[in-house]
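> Residue numbers (my numbering): 241 to 356.
Where is the CB? At the ideal position from N, CA and C, for every residue including glycine.
Attaching a single structure in structure tokens format; questions to follow.
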């Protein structure tokens, strides 16, 4: 990631999530930025992300993401039960942006997971 580039809410980035522990999502994979732009600009280079996977486990906390509306190569799922903060140093490159309606669905799932 270019040092001047600030990730924005709803963007999809390729990220390096290793090392991971236990059941954390690992490897190089897309993530969706779920933290606010205000946080992202003032957060000591941290962002909150929802990892993305192609494996459908029929989990109601996972939100479908259309490839045609996200920049992803394949239709995928946002893992709202695996949200975490990461350093922006883990972000490799920008992939695309998620539609606002899908980000609203992700927000609904995060409110359930985080009891907000």
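Would the stretch 273–289 count as touching the stretch 305–312 if we require 3 or more Cβ pairs under 8 Å?
Contact fails: fewer than three Cβ-Cβ distances are below 8 Å.
> Is the beta carbon of residue 282 closer than 8 Å to that of residue 273?
The residue labelled residue 273 in the question sits at position 33 within the chain shown. The residue labelled residue 282 in the question sits at position 42 within the chain shown. No, the Cβ-Cβ distance between residue 273 and residue 282 is not below 8 Å.
> To the nearest angstrom, how far is it from the Cα of residue 251 to the Cα of residue 343?
Here residue 251 refers to the residue found at position 11 when the chain shown is read from its first residue. Here residue 343 refers to the residue found at position 103 when the chain shown is read from its first residue. Approximately 10 Å, taken between the alpha carbons.
> If we require 3 or more residues per run, which beta strand (DSSP E) segments fall completely within the stretch 319–346?
Counting only runs of 3 or more, we get 324–327, 331–337.
> Quick check on this structure: which residue in 330, 310, 326 has the alpha carbon closest to the alpha carbon of residue 275?
In the chain shown, residue 275 corresponds to position 35, counting from 1. When each option's Cα is compared against that of residue 275, the closest is 326.
> State the DSSP-derived secondary structure class of residue 354, mapped to helix, strand or coil.
Translated into positions along the chain shown, residue 354 becomes position 114. In the structure shown, residue 354 sits in a helix (DSSP, three-state: H, G or I).
> Under 8 Å by Cβ, that's how I've got residue 301 and residue 349 pegged, so tell me the actual separation to the nearest angstrom.
What you label residue 301 is simply residue 61 of the chain shown in a count that begins at 1. What you label residue 349 is simply residue 109 of the chain shown in a count that begins at 1. Confirmed, about 5 Å.
> Using only CA atoms, which one of 246, 257, 249, 248 lies nearest to residue 330?
If you number the chain shown from 1, residue 330 lands on position 90. Comparing Cα-Cα distances from residue 330 to each of 246, 257, 249, 248, the minimum goes to 257.
> Measure the C-alpha to C-alpha separation of residue 338 and residue 347 and round it to an integer number of angstroms.
Within the chain shown, residue 338 is the residue found at index 98, counting from 1. Within the chain shown, residue 347 is the residue found at index 107, counting from 1. Their backbone Cα atoms lie some 12 Å apart in a straight line.
> Look up residue 367 in the DSSP assignment and say whether it is helix, strand or coil.
It is not possible to answer for residue 367, since the shown part of the chain is limited to 241 through 356.
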